[in-house]
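Residue numbers (the numbering used here): -9 to 66.
Note that beta-carbon positions come from the ideal geometry of N, C-alpha and C, so glycine has one too.
Working notes, structure below.
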Amino acid sequence: PSDLYGEYCSMMNEITVYWKNIPSLEHLTRTLVDEYQHYLQSPSWMTRYYNMGYNYNDHPYEVQAFSAEEDWKIFI
């Protein structure tokens, strides 16, 4: 999908950035900050939270990563 900017794969321990979907420096920076947050988070708790009934919009790790994005300007 064209709205997918990046993802973190804990099994491969890698961040993938879909650079063709990145429209600006802000989006790139936010994506890197967000995915780095996922790198720092526990993969087992990521799954555990989903199993507890959280979805993408209210998952504590997603909320934390999105919140971290708000400081994107400090990385430029």
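In this structure, the straight-line span from the alpha carbon of M36 to that of D24 is close to 14 Å. With a beta-carbon spacing of about 5 Å, T19 and F65 fall inside the 8 Å limit used to define contacts. Bridge pairing for Y(-2): I5 [DSSP].
Rounded to the nearest angstrom, the Cβ distance from Y39 to P50 is 6 Å, consistent with a contact under 8 Å. Under the three-state reduction of DSSP, E59 is assigned to helix.
Around Y29, the same chain offers Y(-2) as residues with beta carbons nearer than 6 Å, after the five sequence neighbours per side are excluded.
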